[in-house]
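Sequences listed follow chains X and P, in order.
Residues 1 to 181 (the working numbering) make up the first sequence, in order.
Residues 182 to 451 (the working numbering) make up the second sequence, in order.
Backbone N, C-alpha and C define an ideal beta-carbon position, used for all residues, glycine too.
Here the structure is laid out as structure tokens; the discussion comes afterwards.
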Amino acid sequence: MEILRQFASTEAAAAESSDIFSALGINWMMLIFQIVAFLLLVVLLGKFVYPWLIKSVDERQDKINAATKAASEAQAAAVDAEARVEKLLKKARVEAADIVATAKLESASALAASEEKAKKRSEQIISDAQDEIKKEVIAAKTALHNETIELVALATEKVVGKAVSSKIDESLITDALKAVK
Amino acid sequence: MNTFAALDLHISIAAQELFKIGSFPVTNAMLTGLAGLVITVAILFYVAGKVKKGRYNRFVGLVQWVFEGLLKSIHDIIPDQKLARKITPLAVTIFFFVLISYWLSVLPGLETVMYNGVPILRSLTADLNFTLGLALITVVVVQIYAIKQLGIIGNAGRYFRNPIKDPIGAFEGVLELIGEVSRGTALALRLFGNAFAGEVLLIVIAALTSYFATVALPFFMGFELFIGFIQAYVFFVLTLIFTSLAVSHHGDSNHDHSPAPKSKKAKSVG
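So this is what it looks like as structure tokens:
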């Protein structure tokens, strides 16, 4: 290969003409210059560039950490809330069952009370009706009694043929009735 | 074969000099590196400005996403949060600058735009001066943090131990010392090798495919973009791993490798 021959001959000539460092292109002046230039670059970037980048990375890391912490806290809160909801639901179920039971009891007692009240009311109505009937019967009897007395008086007047005063008449009738009884 | 020769390809391990400022040579890699530097600074300052004002767009989001990923890698590799924040500017700059410099090697006109017969464009990562410099910075910074964490004596204790009291530990220390040198060298050569090979690959493919280069090259360019990302990430991660290894030697230097005290302990237990 011509290339390799050319390459080898160039380097061999360089190696022959000077020491190994020259052959490899090492020049102490350039070496020191490049070291200084690179160190200056490191200092420059280290002072004006990396602090900002590191700060931004740290801030982002802090945000991630905070978000992770918040997420874990939220998860714990969710679990806690779920447990509390479950507890509340359980309590609510128990309370609801109590309320239903109480309502059933109350409705049963209200029903019984209303039945009792209705019964009493109906009995009262019946009793009142009976009293009314009795009164009417007594009134009817009284009216009949009075009419009978009048009739007897008239009849007696006709039979006796003489007119008597109403007081005498009345006493006579009363006596007659007593005698009849 | 003659076709390749006729193409007169410019393949050189060393970055080539374009001109001189005084006695200081300005190479094509430095010129491309300067462009990479400007692009890196422009992108990162633009993103930082937008982030500062809280005005986000897709590009800002993309860069911020990459930055966040890098920051996460840093915190994963270096458990000490304080140290992780300290090493962040160096590690992240290495990633962005190496990535952009590497990707500049994919720019069209790599071999065709010439100045005084020398190609103007050459990736900075394909220049050993840069990769070696970067590796040196990494090794030195790692040593600085190791000294801060372990103290001078403690850090030296990783390499130098008493060979009479602890012969195995002393040998380990020598290996550790060799390891430090080899790590730095490997860092430099790995990046250089990949970037240089990538550039050569693009040149050779362009030469081999001739008029079909417009069809063939995009595939290889895409591949090079991927390799560039991998290399930037590898350099970034290795910097962090070396730092983490260096500062995690707490108490390791007190490892007792000598058999004598163990036998004493064994006797006392017995």
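Worksheet entry | Three-state secondary structure assigned by DSSP to K175/P | A question about residue 175/P goes unanswered here, because the residues of chain P that appear run from 182 up to 451.
Discussion item. Please identify the residue among L172/X, N27/X, I20/X whose C-alpha is closest to the C-alpha of E198/P.
Written reply: Residue mapping note: residue 198/P aligns to position 17 of the second sequence, counting from 1. Comparing Cα-Cα distances from E198/P to each of L172/X, N27/X, I20/X, the minimum goes to N27/X.
Practice prompt. Using only alpha-carbon positions, find the residue among P51/X, E73/X, Q124/X that is nearest to L271/P.
Written response: Taking the first residue of the second sequence as position 1, residue 271/P is located at position 90. Considering only alpha carbons, the answer is P51/X.
Discussion item. Any beta carbon from chain P within less than 8 angstroms of I64/X's own beta carbon?
Written reply: What you label residue 64/X is simply residue 64 of the first sequence in a count that begins at 1. No - not a single Cβ of chain P is within 8 angstroms of the one on I64/X.
Worksheet entry | Every unbroken alpha helix (DSSP H) within the region 367-413 of chain P, with a cutoff of 4 residues, ordered by chain | none
Discussion item. Can you check which of these residues, A195/P, F200/P, S286/P, is closest to G217/P by C-alpha distance?
Written reply: Against the second sequence, residue 217/P aligns to sequence position 36. When only C-alpha atoms are compared, the closest one is S286/P.
Worksheet item: Does the region 379-387 of chain P come within contact of the region 361-370 of chain P, defined as at least 3 CB pairs closer than 8 angstroms?
Response: no
Practice prompt. Apply the 10 Å Cβ neighbour rule to P344/P and answer buried if 16 or more other Cβ atoms are within range, or exposed otherwise.
Written response: In the second sequence, residue 344/P corresponds to position 163, counting from 1. It counts as exposed.
Item to complete: Rounded to whole angstroms, what's the CA-CA distance from A70/X to E59/X? Just pull it up for me.
Response: Here the question's residue 70/X lines up with position 70 in the first sequence. Here the question's residue 59/X lines up with position 59 in the first sequence. Going by the C-alpha atoms only, they are around 16 angstroms apart.
Worksheet item: Around the C-beta of W284/P, are 16 or more other C-beta atoms found within 10 angstroms, so that it is buried, or is it exposed?
Response: The residue labelled residue 284/P in the question sits at position 103 within the second sequence. So W284/P counts as buried.
Worksheet item: Mind checking whether N209/P and L302/P have CB atoms under 8 angstroms apart?
Response: As a working note, residue 209/P is residue 28 in the second sequence. As a working note, residue 302/P is residue 121 in the second sequence. Going by C-beta atoms, N209/P is nearer than 8 angstroms to L302/P.
Item to complete: Specify, as a first and last residue, the run of the alpha helix (DSSP H) that A272/P falls within.
Response: Residue mapping note: residue 272/P aligns to position 91 of the second sequence, counting from 1. Where A272/P is concerned, the enclosing alpha helix (DSSP H) stretches over 262-285.
Worksheet item: How about I255/P and F416/P: are their beta carbons less than 8 angstroms apart?
Response: Mapped onto the second sequence, residue 255/P falls at position 74. Mapped onto the second sequence, residue 416/P falls at position 235. Going by C-beta atoms, I255/P is not nearer than 8 angstroms to F416/P.
Worksheet item: Is the distance from the Cβ of F341/P to the Cβ of G360/P below 8 angstroms?
Response: Here residue 341/P refers to the residue found at position 160 when the second sequence is read from its first residue. Here residue 360/P refers to the residue found at position 179 when the second sequence is read from its first residue. Against a cut-off of 8 angstroms, the Cβ pair of G360/P and F341/P comes out as no contact.
Discussion item. According to DSSP, simplified to helix, strand and coil, what is Y453/P?
Written reply: With chain P running from 182 to 451 in the structure shown, residue 453/P is simply not present.
Discussion item. Taking beta-carbon pairs under 7 angstroms, can you tell me which members of the region 245-272 of chain P lie near chain X?
Written reply: Q245, F248, E249, L252, T269, P270, L271
Item to complete: Return the residue from the list L251/P, E357/P, K329/P, F278/P that minimises the CA-CA distance to L40/X.
Response: Here residue 40/X refers to the residue found at position 40 of the first sequence. Among L251/P, E357/P, K329/P, F278/P, the Cα nearest to that of L40/X belongs to F278/P.
Worksheet item: Does the count of Cβ pairs from the region 314-328 of chain P and the region 211-231 of chain P closer than 8 angstroms reach three?
Response: no
Discussion item. Against V57/X, what residues of chain P qualify as contacts under a CB-to-CB distance less than 8 angstroms, listed in chain order?
Written reply: Along the first sequence, read from residue 1 onward, the residue named residue 57/X stands at position 57. In chain order: Q245, F248, E249, L252.
Fill in: Cutoff 8 angstroms: Q75/X Cβ touching any chain P Cβ
Here residue 75/X corresponds to residue number 75 of the first sequence, with the count starting at 1. In terms of beta-carbon proximity, Q75/X stays away from the interface with chain P, with every pair separated by 8 angstroms or more.
Fill in: Unbroken alpha helix (DSSP H) run spanning K269/X, endpoints
Any answer about residue 269/X is impossible in this case: the structure gives chain X only from 1 up to 181.
Discussion item. Below 8 angstroms on C-beta distance, what does K329/P contact in chain X?
Written reply: Taking the first residue of the second sequence as position 1, residue 329/P is located at position 148. Neighbourhood of K329/P in chain X, by CB distance below 8 angstroms: empty, with the nearest CB roughly 17 angstroms away.
Discussion item. Residues of the region 71-96 of chain X in Cβ contact with chain P at a cutoff of 7 angstroms, in chain order, please.
Written reply: Of all residues in the region 71-96 of chain X, none has a Cβ within less than 7 angstroms of some Cβ in chain P.
Practice prompt. Report the rounded CA-to-CA distance for V450/P versus K346/P, giving the unit in angstroms.
Written response: The sequence position of residue 450/P within the second sequence is 269, counting from 1. The sequence position of residue 346/P within the second sequence is 165, counting from 1. Residue placement at V450/P is flagged as unreliable, the pLDDT there being 36, under the threshold of 50; the coordinate-derived value follows with that caveat. Going by the C-alpha atoms only, they are around 22 angstroms apart.
Worksheet item: Out of curiosity, what's the CA-to-CA distance linking D308/P and V322/P?
Response: The residue given as residue 308/P occupies position 127 in the second sequence. The residue given as residue 322/P occupies position 141 in the second sequence. Between D308/P and V322/P, the C-alpha separation is close to 21 angstroms.
Worksheet item: What three-state label does DSSP hand V207/P in the structure shown?
Response: For the purposes of this step, residue 207/P is taken as the residue at position 26 of the second sequence. It is a strand residue.
Worksheet item: Between I35/X and chain P, is there a C-beta pair that is closer than 8 angstroms?
Response: Here residue 35/X refers to the residue found at position 35 of the first sequence. For I35/X, the answer is yes, since a Cβ of chain P falls inside 8 angstroms of its Cβ.
Discussion item. I'd like to know whether the C-beta atoms of F240/P and V49/X end up nearer to each other than 8 angstroms.
Written reply: Translated into the one-based positions of the second sequence, residue 240/P becomes position 59. Translated into the one-based positions of the first sequence, residue 49/X becomes position 49. Not closer than 8 angstroms, so no.
Worksheet item: What are the residues of the region 392-414 of chain P that lie near chain X, defined by any Cβ-Cβ distance shorter than 9 angstroms?
Response: none
Worksheet item: Taking only beta-carbon atoms, is M26/X less than 8 angstroms away from chain P?
Response: Counting from 1 along the first sequence, the entry for residue 26/X is found at position 26. Here the sequence assigns Ile to residue 26/X, which means Met is not the residue at that position. Closer than 8 angstroms: yes.
Discussion item. Taking its Cβ as the centre, do 16 or more other Cβ atoms sit within 10 Å of D131/X, making it buried, or is it exposed?
Written reply: One-based indexing of the first sequence puts residue 131/X at position 131. Label assigned to D131/X: exposed.
Practice prompt. Could you check what DSSP says for L53/X in three-state terms: helix, strand or coil?
Written response: Counting from 1 along the first sequence, the entry for residue 53/X is found at position 53. In the three-state scheme derived from DSSP, where H, G and I count as helix and E and B as strand, L53/X is classed as helix.
Worksheet item: By Cβ distance below 6 angstroms, which residues in the same chain neighbour A143/X in space, the five residues on each side in sequence not counted?
Response: Translated into the one-based positions of the first sequence, residue 143/X becomes position 143. Non-local C-beta neighbours of A143/X in its own chain, meaning closer than 6 angstroms and more than five positions away in sequence, are absent.
Worksheet item: Closer than 7 angstroms, Cβ to any Cβ of chain X: which residues of the region 303-332 of chain P, in chain order?
Response: D308, L309, N310, F311, L313, G314, L315, L317, I318
Practice prompt. Report the neighbours of T213/P on chain X: residues whose CB is nearer than 7 angstroms to its CB, in chain order.
Written response: Position 32 of the second sequence holds residue 213/P. The premise fails here: T213/P is roughly 12 angstroms from chain X at the closest Cβ pair, so nothing lies under 7 angstroms.
Discussion item. Any beta carbon of chain X sitting closer than 8 angstroms to that of T274/P?
Written reply: Numbered from 1 along the second sequence, position 93 holds the residue referred to as residue 274/P. So yes, T274/P belongs to the interface.
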